[in-house]
Each structure stands twice: as C-alpha cells, then as structure tokens.
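Encoded as structure tokens, the structure appears first; notes follow it.
Number of protein chains: 8
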Amino acid sequence: MKLEHNQKLLFIGDSITDCDRAKPEGEGLFQALGNGYVAIIDGLLQSTYPELGIRVVNKGISGNTVKDLQMRWQEDVLNQHPDWLVVMIGINDVWRQFDTPTIPEKHVYLEQYEKIYRELIEQTKPKVKQIVLMTPYYIEANMNDPMRAKMDEYGQVVKRLADEYQAIFVDTQQAFNDLLEHVYPATIAWDRVHPDHTGHTIIAKAFLRAIDFAW
Amino acid sequence: MKLEHNQKLLFIGDSITDCDRAKPEGEGLFQALGNGYVAIIDGLLQSTYPELGIRVVNKGISGNTVKDLQMRWQEDVLNQHPDWLVVMIGINDVWRQFDTPTIPEKHVYLEQYEKIYRELIEQTKPKVKQIVLMTPYYIEANMNDPMRAKMDEYGQVVKRLADEYQAIFVDTQQAFNDLLEHVYPATIAWDRVHPDHTGHTIIAKAFLRAIDFAW
Amino acid sequence: MKLEHNQKLLFIGDSITDCDRAKPEGEGLFQALGNGYVAIIDGLLQSTYPELGIRVVNKGISGNTVKDLQMRWQEDVLNQHPDWLVVMIGINDVWRQFDTPTIPEKHVYLEQYEKIYRELIEQTKPKVKQIVLMTPYYIEANMNDPMRAKMDEYGQVVKRLADEYQAIFVDTQQAFNDLLEHVYPATIAWDRVHPDHTGHTIIAKAFLRAIDFAW
Amino acid sequence: MKLEHNQKLLFIGDSITDCDRAKPEGEGLFQALGNGYVAIIDGLLQSTYPELGIRVVNKGISGNTVKDLQMRWQEDVLNQHPDWLVVMIGINDVWRQFDTPTIPEKHVYLEQYEKIYRELIEQTKPKVKQIVLMTPYYIEANMNDPMRAKMDEYGQVVKRLADEYQAIFVDTQQAFNDLLEHVYPATIAWDRVHPDHTGHTIIAKAFLRAIDFAW
Amino acid sequence: MKLEHNQKLLFIGDSITDCDRAKPEGEGLFQALGNGYVAIIDGLLQSTYPELGIRVVNKGISGNTVKDLQMRWQEDVLNQHPDWLVVMIGINDVWRQFDTPTIPEKHVYLEQYEKIYRELIEQTKPKVKQIVLMTPYYIEANMNDPMRAKMDEYGQVVKRLADEYQAIFVDTQQAFNDLLEHVYPATIAWDRVHPDHTGHTIIAKAFLRAIDFAW
Amino acid sequence: MKLEHNQKLLFIGDSITDCDRAKPEGEGLFQALGNGYVAIIDGLLQSTYPELGIRVVNKGISGNTVKDLQMRWQEDVLNQHPDWLVVMIGINDVWRQFDTPTIPEKHVYLEQYEKIYRELIEQTKPKVKQIVLMTPYYIEANMNDPMRAKMDEYGQVVKRLADEYQAIFVDTQQAFNDLLEHVYPATIAWDRVHPDHTGHTIIAKAFLRAIDFAW
Amino acid sequence: MKLEHNQKLLFIGDSITDCDRAKPEGEGLFQALGNGYVAIIDGLLQSTYPELGIRVVNKGISGNTVKDLQMRWQEDVLNQHPDWLVVMIGINDVWRQFDTPTIPEKHVYLEQYEKIYRELIEQTKPKVKQIVLMTPYYIEANMNDPMRAKMDEYGQVVKRLADEYQAIFVDTQQAFNDLLEHVYPATIAWDRVHPDHTGHTIIAKAFLRAIDFAW
Amino acid sequence: MKLEHNQKLLFIGDSITDCDRAKPEGEGLFQALGNGYVAIIDGLLQSTYPELGIRVVNKGISGNTVKDLQMRWQEDVLNQHPDWLVVMIGINDVWRQFDTPTIPEKHVYLEQYEKIYRELIEQTKPKVKQIVLMTPYYIEANMNDPMRAKMDEYGQVVKRLADEYQAIFVDTQQAFNDLLEHVYPATIAWDRVHPDHTGHTIIAKAFLRAIDFAW
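Order-wise, the sequence lines are chains D, F, S, C, L, X, A and G.
The numbering of the first sequence is my numbering, which starts it at 8 and goes up by one.
The numbering of the second sequence is my numbering, which starts it at 8 and goes up by one.
The numbering of the third sequence is my numbering, which starts it at 8 and goes up by one.
The numbering of the fourth sequence is my numbering, which starts it at 8 and goes up by one.
The numbering of the fifth sequence is my numbering, which starts it at 8 and goes up by one.
The numbering of the sixth sequence is my numbering, which starts it at 8 and goes up by one.
The numbering of the seventh sequence is my numbering, which starts it at 8 and goes up by one.
The numbering of the eighth sequence is my numbering, which starts it at 8 and goes up by one.
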C-alpha cells in the first residue's frame, strides 16, 4: 500500500466529506471523522494496518464549492502539514446552477472551477508527498441528463489536472456508474448526491483501490 | 366554477397532500391544512369566492400507499361525508420498489394498485357528488427513466379509472412535464418527489383548472 | 406581464413580508422566501413563467417600522441592486400607537412616516427599474374604528407617494375590504394584522394584478 | 364580604380561566391556579382575608364551550363539592362561528347555549351555596361589530339565567366597555379575547365587586 | 392618587422585582413587566385609571445587591428619565451572609449598604419627581431569627433614608408581618423570600396604599 | 459494623431519599441511587467495605407521605425481600399542613401517621433482619416555630415506634440541630427541607453512626 | 461468496449490534441498520454484490443478554423468516457480573447461557438456511484479566455450539486480539466494549471473511 | 485537622475534579462544586467542622492536561489567593497517548509534564500556606498494563515533586489499588478513569486522611 508509517492523510471537500465531522479540528475521539466515506476509510485502514499509525483528518464542510476551499486553504490544508492531501470538490459548483438557477453568485462555472482548482494544486504540490484528486459525481445513469452531463465535464477537469500534476486520480463517478447497472439511484440517494452507507462505501473503495490497499 | 355553496371538499393522499397538516382533524385554525397544495387551493378558493363558504379538509398522511388509504377509508373519507373527494395516491406505491427494492412488503404493484383503487372508488361514488382523481407523478423529464416510466403506468391506471367512473381527472405529471421544459427537476425538488412552493402551486393550478376556477 | 427576463424582484417590509424567511439572505433553497405572500407570489411567478428566470428576494423583518427600514436600506436594498423594489411598511408604525400607547419612542407618526418614506424612495428611484408601493392595512371593516382610520391615513400617504414618484400602487387595504364584505376579520386574522394563507393570497393577488400577471 | 370561613370557591370556564393552571387538579403549590384572573382573585383574597382560609380551585380548560363543560361537569364540578361555583363560558361558542364559519360542528348557537347552560345550573344549584355567572365578552367598543353584537346576545342569556336562578351576576363585558372609553382594544388584547394582566385584573375586580370584597 | 397623567414609573430591584421581565427593556407587549408585584401594580393602575396613561417600567434583575444597582444605575435609572423611581433592594445583600457565609465578596454589610444606597438617592433625587423606597423583607415571624433580625436592620436604614430624603416609604416587612399572624411562611414562600402570587399582591398593595391608590 | 456480607439494604422515603434515582428499579449503573444521602452512604460503604458486597436499593419517591408508602409497600418493600429496611417519612405529611393549609386531603395528621406507620412496620418486621427508622426533620433552630414543633411530634412517634419494635433509631432532626448551632438553615437549605450536599452528608453520617460504621 | 440471490440476513444481539438502528423494524430507509458493524457489512455487501439483492435486517437491542433474546425470539427471529441468522450475544451476560456484582438477577452464568443459547439454536436450525455464531468479546489484551478470562469461557461455549450445530463460527475476540498487538484497547473503546468505527470494521471483516466475501 | 478557621481550599484539575461544577466561579449556591470528590470533601468538612467556615473552590476543567493548567494558572489559581491548593492532573496527559496515539500535539510526555508541573509549584509555593499534590490514577489492577504502567511513572513524578517541595502527598492510585483487591475496575468505572460515587469517595477519603480529618 502506498501509505507509509505515521503519515498524515487529510481529506477536504463538501458535505459528502463533512458528514457531521467534529469542528474545527476534524480528528480525535468520538466520531470526529463523521459518518461518511472518510470514517469508512479510516476504519479499514486502522483495522488492516494497525501497525502503521496512519493519521486521518477530515476537513470537509457542507455546501462548499472550490471557491470556499480557496478561502480556507491556508488554514485548513497548508497549516495542517499533511503528507497526503485528498480533494473531492465540485458537486455544489454544479448543483447550484441547477437548483437555484437565478442566483449566479452561487454558481462556479467550469473555467473558474479549473482555474481555482489549479491554483490550489500548484501552491500545495511542493509541500505534500502525494495528492489524490477525486471527481465530483452525480448518481444518475442517464448520461444525457443535463446535470449529469455537466458534472462529467467537471470530472474531466479533475482528470486532466490529475494527469498534469501526477496526482492519484479516483473516478467516483465511474464507481457509481458501475453500481447503477444494478440498482436505481434512489436506492442509494433520493437526491442523487448524498449517498447512504452503501454509496459512501463505494467512494471509500474507489479511494482504497487507488492507493493499493490490500484487504 | 364547479364547486357550489357550502360544499365540503376533502383531499386524501400521501406526504404531498399531508405537508404537516393538523391531525387527526385536518381542518380549522392555525395552518390546519398544512403548507402544501391543499393550503394553496384553499387560499385561492377563499380569497376568490369568499361568498361560497367552501369547506376544505386535508386527510393526507405521509408515506401512505393505496393500501394505507384502504385501511383508513371508512374513518377518513366515508365518515367525513364530503361533497367532493380528491385523491392523489401512488407515489410511494412506486417509490418503494426503487428505493428499498429488497423489501417487497412495502411495494404495491400495478395490479394490486388498480384493484384497491377501484374498490375505493366504487364504495365512495354513490355517496359523494364529485370525485377528482389526480395522478401520481415523478419530477423527471426523461421518460425512459425506470421510475418515471413506472409512475406513468400508475398514472394511466388513474386516467382509466377516472374515465370509467366519470371522475374529474387531473394530470399532475403532465403539469410537471410542462415545467420541465424550462427548469431542471432539482430546482423544484432534490428528490424529484417533494416539491417546493412552486411545485405545489403547479399541482394546485392543475386542480383549479380542472374545476373551472376563475382567477 | 411587466416583469421581464432575469429581473430581480426584492420585497422589503415587516412581519407580513418576513414570515420566517431565511436570514440574512432571504433567497435560495429550503423555503428561503418564508411562508407568506412573497412565497405565494414566487410560486405563481415560477410556475406560470418558468422561462423568465425571475429572481425573488425577501428582506422583510418582523416588527419593522419605516424607521427600521431606513437604518438597513443601504445594506438590504441598495447593495442588493434589485430591478424591482416592492415596499409594504407602516403597520407597526401605527399599531404601536394603539397597543403600547405609553411608549412614544415606538410610535412613528404620520409626518415622520411620510418624510422617511419619501427619502427612501428618492435615493432608490434612480437605481431601480420599477418601484411598487403597497399600503399597510388593518383587517377591520369598520372605517370608524380608530386604528383602521389611522391606518387609512398612512395608506393615503403611500398612494400619494406612488403618484408622485410614478410607482406602481397596490391597495392591500382595499383588497381586504372586498373580502370583509363576505367574511368576518377573525376568519383571516385573530389580531386583524397577521393573516392566514387566505389573507396572504389576497395580498399576493393584489400585487400580481398590479403587474398584469396572466394566470 | 360574602365568602365565609373555609369555603371552597371553584372557577370553571375556557382559556380565560385556564391560563396554564395545573392539571388535572387546579389547586396547590407552584402557580397551580395559572396566571390569569383566578390567580389575581386568589392573591387578593388571601392577602386581604388570610384569616378566612378560602380554598380556590381552577377548572378552566382552553378552547371549551358550554358543550365541553357539560361533558366534564360531573367530574370537574359536582365531584369537587364546591361551596361557590363561578362560571364564565361562551366566548368559544361564539368565536368559532366567526373564525371557522365553515365548520358548524364547532359552533354552539344561542338556543343550545341557553339550554345546556340551564341544565348545568339546575343540577348544580341544590348542591352549592352560591353560584356566580360571568358573561362572556369581546373587547371591542363597536356594538355593531357582528361578533360583539352576537356576544352581547350570549351575555343577555347569562343575565337572564342569573336572574332566574338567583345567581350572582358579573357583567365582564360592561367592565371592558368602561375601559374601552379610554384605551383601544389592542392595548389589552390583540385578538380582543385573551387579555393581558390589565384585562385579567378587570375581570377579577368585577368579580370581587360582586361579592362585596373590601379592599 | 399621587401619580399624575403620563408619568413614567420605574421599578428597580432584585429577583422579587424581576420575575422574568423582558430584557433589556422591561416594558412593552407580551408580559414585559414579568409576573410579580410590578405586573400586579400595573394591572391595577391601568384598570383603575385608564385615562392617566401611566407608563410602568421594570428594571429588576435577579440576584442583585445594592452594589449591582450602583453599577447599572446610569444606564437603567438615570438614562431612563423616570418621573417616579421605586427601589426595593437589600434581600441578597443580607441573604448571601447567611446562605454562603464563606464567600465575603458576595456580602454587602450594613455600612456599605447605607453608603451606596445614599449615593444613589443623592444623584437621583434632583432628577425625578418622586422616590419610593421599599424595605427588603424576610417572610419569617420570629423576630429573633438571625436573618430576620439582620433584614430588619437593613429595613431601618431604608426607613431612615426615606425620612432624610423625603421619599415615600413602603414597609414591605410590616405588610408580611401582618399576614404572618394568620398564615405560616411556607404558605407564601418555601424559602421565605420568593413569594407566590399572594405575597406579590401584598407588596403591590403596600405600594399602592402608599401612593393613595383608590380601589 | 452491623451490616453483613451480601446483605440487601433498602431505603424508602420521599424526595430526600429519591434525589433523582433511577426508576422503577433504584439500583444499578449510572447513578441509579440518585445524588442524595443514599448515594453517599453507598459510596462510603462500598469504599470502606468492598469485601462485603452490600447491595443498596433506593425506593424513595418525591412528594410521598406515609399514605403513599402504604400504597406501594407490597411492591416496593415486601416484594424486594431486603435484609435491612430503612424508612424516612413524614416531612410531606407535616409540610402540606403548612404550605397548603386549605387542602386537607393532602395532610396526614399525627394519629393517622402513627397508625399507618405502625401497620407497615408490623407487616414487615417478621420478614426482614433489621429495620432502621429515621425521623423526619425540619432544618430550623427555633423549636417554637410551628412547623418545627409539629415535625418534632412526628419525630417522637418515630422514636416511640423504634423503641416498641426494637428498630434502630436515627434522629436526623438532632443531627441537624447540632449543625444549626454553627450555621444558619439557609446555608444548608433555602426551604429548610431539601438540603445541599452537606445536609445529605449529615443524614448519611447519622445513619452510619447508628450501624457502627468504622471510618 | 456464500450468500445467494435475494437471501435475507438477520442479525440479532445487544448494543454492539443495535447501534441506534430503526425500531421496531430494523431495515429500510434512513440509516435503519444503525451505525455499527451491521451497517458496514451491508455497505460492503451492497456495493460489492449489487446484483444479488441481499436483504439485511438488524434486530439488536442494547443491554440484551441471551435471556432477553429468548423472550423476543419468536417475534424478532422466527416470525421474520430469515435465510441466514447471525447471533452475537453474551457481553452483557458477563459484564453485569463485573459492573454490578451485587445484583445477581442481572447476571447470566455460564451454564444458563449455554442452555438457553442451545435451545434457541435448536428451535431455529430447521427453519433457516444458515446460522452464524459470533463470540462475545472484551477488548483487553491481558488474558488473565478476570473479565477477559470469563468472556473467553463464554466464547468457548459459542465455539462448541457452532461445532455441534454446524454453524459458521466467527471469533470476534481473536480478531480484536490481533489488533491489540498493535494498539492499546482505549484507542478502540474506552470501556473495552463499545468500539469506534475501527472496532466495528474489525467485527464486520471477521464476519465477511467467514462467508467468503471477495473484496 | 490541618485546615484552620476560614481557610480557602482550592482544587484544580481535569474532569475528575470538574464534575459539572459551576463556571466560571466554582463556588456558591446550587451544586456549584459539582458532583465529584470535591463536593464529597466539602460535604464532609462542612458537616464535621461547621464551626471552621472552610471555603472550598473547584477549578477543575474537563479534558485538561498540565499544559492547560499552565495557561490558566494566573487567573484560576494565583488570582484566587487560596490558603491551600490541591492539584490532581496528569490523566489526560497520559490517556491521549493511548486513545489517540496518532495526534502527538495532544500528548504531554513525562519530561514536559514534570517541567511544567515544577514551574507551577515554584511560582505558587511562596503565595499559599499549603500545597497538596494528588497523583493521577488508572483504575486497573494489572501493573503491567501499558497505560497503568505509564500512569505510575507520572504518579512517581508527583511523589518526587511533593517530597521536594514539602507538599502533602495523596496517592490516589494506591487508594484505588486497595479497592481493586476486592472489586473489578468496571464496578467503579467502565473506562477505568471516570469513577462512580464510590470511586469519588475513595479519592475524597484519601485526601481527608492526608489532612488528618477526624470523622
């Protein structure tokens, strides 16, 4: 597995990452990691590699877009000095264009998304050992659905950035696509965004596969 | 308008109808009609025809299927002696097949849906002046979406029953379809089922149009 | 209809406008517009003209008088850059003279009401496309009732200002007067001020009629 | 004063009497008498005649009409064996005709009001030393207001019954009329029914005057 | 009666005065005067002299000693510009000597009590029309009880200050003494300090008697 | 010490015993013994004699008189099969005569107190190894205080019963009397009944002394 | 993997199983399976084998011993007609002997544990396709710790029963033992019983390994 | 006994000391001392030596380490001017090394512990009459348990500091060790740290024995 002894692994993102984590710190006793995919990953890491002493920190905040990450990047990423940084952002950047179309201040369009995202990576890359970029997703099988199509564009930006900066790439959308061959989206998430425990497990497994986790 | 002086208009259905109405009675002071389409209809009726003294009663209960309606039909419909009965049921009958596919006890399949629905109409028709049947709906533009397609089948049953029993027919699915030419479903309802105030207004307008309400 | 594509429509006022809206922003997801006449107007606008993309903002605050509006005008009106501004204020200016007669600091007498109201219009008129002025009201049929009589004087100020500044004028008092020919005030509002859903629908309809809304 | 040593004085009525009294018993420690006119009367009685040991019991229940009193009369009046019985009922009997005009089951019309009231008095008179009948009231100065006019009719029934059965008569409506020569109803009660502490003091004083209380 | 048209009457003191009044203002709608003797006085004043328009303000704060009053005197008394000022303070000054004897910082001994109290009167007397000084009290019949005896000393200071500065003097201790000839303290107050409604009525009556209130 | 290996020690009484114990069982994990003298006794017993395995059960219920104990004696004492039974009852029997003097149904007069108490002892004595009777008390130094004097009479009944039935006698009143030579009652209990932790420790020590507890 | 298409898998046990599951049903929407090992297993099953449609039901209840299971076995196991039954019970049977040693009614000693457990298996075996028995555990590395030693005895009973009845055996104690070679118990569970997410993952993995789950 | 007339005794520490004490002050009415060993000590002191007027102050704060004490030492110790200072700190310093091993910022290692502790004593010793140092503890009988062994090292630091600075030394670990010869740790504390009332009594007794308290 790619994670090494005593490394610090920091996750940042939106409500999918947040999942009621402890604030402001996002680590420690009493479900400090929340109840989403970060906790599942931590549970699997600690139970499988207890000898490694991996330190997991959750810095997700519900409702965040890449613009919100930018505003708290110094405090919540750089000041934390992680060895690994994992980012999953973009769902709200897209979703606000569809659920509140008349409020453009809340939208983050594709160009701005890529620009800010790139800046964040550039200022961070020299300071961490490894970056993992996870695509945003939309749990909808119909690729012609306008929001799914738009989300795919954002996911392609993430893929391109991962390629460019040699980051580990995790395609969460693809992971959900595989599931949707067997179940309808509402089984996992009424709103196609906030998944149940199965959906969080899917995200966790996609991440763990990408870091060569050995079950 | 088809409603006449002093008539009693009773709505029955699921969470779309319920909307936090007063229980058990569903009429009276203090937002007793809830905050959904029933309240909008009442507000428009009372403000436009204050001289008619229409009495509106809301008997929706969240989560109900047509099987649940059957169990409380005597108490909540027949014992109330309405002049008009309005029914909107079927969303949960379908939804449970998609969000909890492994629990068949919670599913109401098409044949059973029609059979129970028909029985309810037959025992009620002789006792009321008018029956209005509103289709269940799914706020999804893609007609090939499996749940939308299934919901349409249930809507066709409702249409057929309305024709057979000379009930007034309200096609709520069609009303949402018209809207979806301009807005994405998530603008109205993240889960494509529980609409915001705009969505409830669409249902209310579809009903009012069907009874020749004059703005 | 007078509203045009992508226009921003901002409502400001007291508890009748507020109705538990989201704060501080007063727009967005999750019933952000409250549950009063602003939400009814929005529901009817969005369901009837989904293609227009009208943006509705609610900046009402319970208990406000015109003096309170003045204090937050820069922040809550001018900084918002609305295309349309709708004002309904004055009920508390009058009511406090009747319910707490010994506390003059809470009263806004007629002359001061007109003076402040005029200043607000003057500084706003050059910056918006349209202003709508709605009268304060008192749901009491007896024109000789002292508080009704006083409220009518404030309503006449509003009418005069609307005339002077070519604002659209909405006579909410007259709208309630029409209703009171058929129902007693307590049917709509025990306190003759805070209406039920029917009363809010009456305000909404008076506004919509004034902007040539086509049902 | 008419009350004598160790007598038990029981009040029964609606929300004006109830005022958050202890239930089911309505006497004892910790504000068991509520915070309305019953508590004011008790405070003035106990502070002025501490040597008498008067026992005051509050059996008011919010929302009650004379039909509700009838249903609990055996339990809440006769089984209590009061020496004095004080009744104030009728506001809801009238109010429901005005605030929910379409729900006739909640109305108690004049004839039925008198018939039930008379039966209650007849079965009680032989068992108590004294009965006090207080009129229902409506804090509205305009005698032509429909609800005020209707309430006056109910008050006249109470007066007639008091005359017929030699009960002490307390004209609470007249007591409020005197006040309304100086203050507007909203100073006492926004809804013209549930008074503030001043209004409750007016009821208390009207009662105490009728029993020759010496300040 | 000594109070005149439109006068403002301000009460300041501890929990006996406070009684859950509105804060910070202590006047206005919705039981702003609390539920103790201030509300009883207001209710009797407004119901008996509605034509006078007396304005009553409650500035009591639970737990206060004369030292606490001193710290908020400018804000809560002088800045309010009352016509009449009513002070009842001293219970906590004494009580803390008995219930927390080991914490001398919370005690206000007799000399300091008189000194601060005198300063407050001197800076206020030129600015108000009338001052009323009410003794602190202890609802205990046994004059040799150490706390009762101590409280009497503080009451004597109040009496002396009232004499010196021509203030109206209200002997609340004496009012309770009269009651205690007939009832045991626990009937009025388990803790001999916080009275029930009867006890608050006794304080109110003592005040009203001192200002020649005519029932 | 008189308690022996594995004995079960059951306390029954009123709020002094109850102190928020677990219900219905009154033993077990999580402060099941409440936070009063029973918990203090248990803490001292278990910490001093951990080898004995004493089982302590708390069956106090707030507000109880000896009449209430009688009604639940079979369930809460006899069915529990204690080795030792400790009873402290009587405070409410007396207190109600003083705090609610007009409600005689709540009083338990001396004769009835003794009669019921005697019956309880007689039916229990053959079934337990040891009975401990603790006097009710009133934390008031003045022996002429009417409630203290009355409480002493009840305490004398307890003493007499203890003598008659060879029960261990614990004079809690005397224990408090000793304390009152040094501190004022309000230091321990504002209401002279519900003591602070010091007061509960006094009761605990009086009990432990009576059973020859060795510190 | 041993689980087959459409099979129903029912878990029963104590708080470790319960983990705030929905009651009474223990399956369905909204985290109905709780947040412990049952939810982790379900998440891994559904995400890995979405095509199988496995139905998972959680019937754990906090605090249960094998005696409690016996009382609800008909209702919560047999009436549910599971294909697979998974049992983890015994922690409270042992724990109560150590945390409340003086209350023997709450203890379930080894012999009774085995006897009841055996009866439950015998009446169930003919009715289900597969039984899985999981040992109770204590997260303590010291095998000489009295409670760990006792828990091991109960675990050996479970092993013996699994052997006897050809049930699948899951040694949760051993799974924790492996972990404890690397981390101290308090990292997983302050009380050595209720584990964090890592501990629940260990239980889940032990179960999944036993059924040949393929990651 | 070593405590003298009117001395002030201040306790500082972590959650064991805190026990829900009043904040910020930690003394006064209404269980201000919390419900742990400080309250037990106060209860025993006040009930046994009421004539001394000992003043007890609780400045414990949950979760504190010696580093946290250092940050609030000026405010919470020196500014309080105690005669006696009692310190019990170190449990969290050790515990965090075992329950959150990957977060070294929360650990206080032995050397730093001793260094800070020594500084606190040195700056305080000249200003107080007596210092009492209580060891941290872990309620675990197995001396080879890693956390117990570590806690013992911290206890030895405390012992050494007490010797060096002539402080009174209280060996709480030894007190618990004595108990553990008879009962299992879980009887006192599931987590081996936060004791029940018996455990707090053990701490209290160890302290009282050290100051020659005479029962």
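All residues carry an ideal CB built from backbone N, CA and C; glycine is no exception.
- In summary, residue 120 of chain C is buried, with 16 or more beta-carbon neighbours lying within 10 Å of its beta-carbon over all protein chains present.
- The DSSP-derived three-state label of residue 91 of chain L is strand.
- Beta-bridge partners of residue 105 of chain L (DSSP): none assigned.
- Taking 7 angstroms as the cut-off, the beta carbon of residue 211 of chain L is found closer than this to the beta carbon of residue 44 of chain L.
- Pairing residue 158 of chain L with residue 101 of chain L gives a Cβ-Cβ distance under 7 angstroms.
- With 16 or more other CB atoms across the displayed protein chains lying within 10 angstroms of its CB, residue 180 of chain L is buried.
- From the listed residues G:161, G:60 and G:215, the smallest Cα separation to residue 188 of chain X is found for G:60.
- Identification of chain A residues near residue 53 of chain D by a Cβ-Cβ cut-off of 7 angstroms yields 205, ordered along the chain.
- Taking a C-beta cut-off of 8 angstroms against chain X, the contacting residues of the stretch 33 to 62 of chain C are 34, 35, 36, 60, 61 and 62, listed in chain order.
- In the three-state reduction of the DSSP assignment, residue 155 of chain D falls in the helix class.
- Nearest CB-CB separation between residue 209 of chain L and chain C: below the 7 angstroms threshold.
- Residue-level contact by beta carbon fails for residue 109 of chain F and chain D, as no gap is shorter than 7 angstroms.
- Where residue 141 of chain D is concerned, the enclosing beta strand (DSSP E) starts and stops at 137 to 141.
- In this structure, the beta-carbon distance from residue 137 of chain D to residue 197 of chain D does not fall below 7 angstroms.
- Contact with chain C is absent for residue 142 of chain S, since none of that chain's Cβ atoms lies less than 7 angstroms from the residue's Cβ.
- For the stretch 158 to 202 of chain D, the full-length alpha helix (DSSP H) segments reaching 4 residues or more read 179 to 187 and 192 to 195 along the chain.
- When the beta-carbon positions are compared, residue 97 of chain D and residue 153 of chain D stay at least 7 angstroms from each other.
- By the C-beta density criterion, residue 161 of chain F is buried, having at least 16 other C-beta atoms within 10 angstroms.
- For residue 104 of chain F, the number of other beta carbons within 10 angstroms of its own is at least 16, and it is reported as buried.
- In this structure residue 65 of chain L is in contact with residue 33 of chain L, their Cβ atoms being roughly 4 angstroms apart against a cut-off of 8 angstroms.
- Note that the C-beta distance between residue 20 of chain X and residue 204 of chain G is not below 7 angstroms.
- In summary, the residues of the stretch 86 to 107 of chain G whose CB is separated from some CB of chain D by less than 8 angstroms are 106 and 107, in the order they occur in the chain.
- Where residue 74 of chain X is concerned, the enclosing alpha helix (DSSP H) starts and stops at 73 to 83.
- Exposed is the label assigned to residue 37 of chain D, since fewer than 16 other Cβ atoms lie within 10 Å of its Cβ.
- Secondary structure of residue 35 of chain A (DSSP, three-state): coil.
- Residue environment analysis places residue 145 of chain F among the buried positions, since at least 16 neighbouring C-beta atoms fall within 10 angstroms of its C-beta.
- According to the DSSP assignment, residue 17 of chain F belongs to the beta strand (DSSP E) that extends over 15 to 20.
- Within the model, the alpha-carbon separation for residue 42 of chain L versus residue 16 of chain C is close to 23 angstroms.
- With distances taken between CA atoms, residue 75 of chain G lies nearest to G:22 out of G:89, G:22 and G:135.
- With a cutoff of 7 angstroms on beta-carbon distance, residue 131 of chain F and residue 67 of chain F are scored as not near each other.
- Taking residue 69 of chain A as the centre and dropping the five residues before and after it, the same chain places the C-beta of 22 and 25 closer than 6 angstroms to its C-beta, in chain order.
- Look at residue 45 of chain L here: in three-state DSSP terms it is helix.
- Between residue 174 of chain S and residue 209 of chain S, the C-beta gap is not smaller than 7 angstroms, which leaves the two residues out of contact.
- Nearest to residue 89 of chain X by C-alpha distance, out of X:11, X:57, X:215 and X:113, is X:11.
- Taking 7 angstroms as the Cβ-Cβ cut-off, the stretch 147 to 163 of chain X approaches chain L at 149, 152, 153 and 154, given in chain order.
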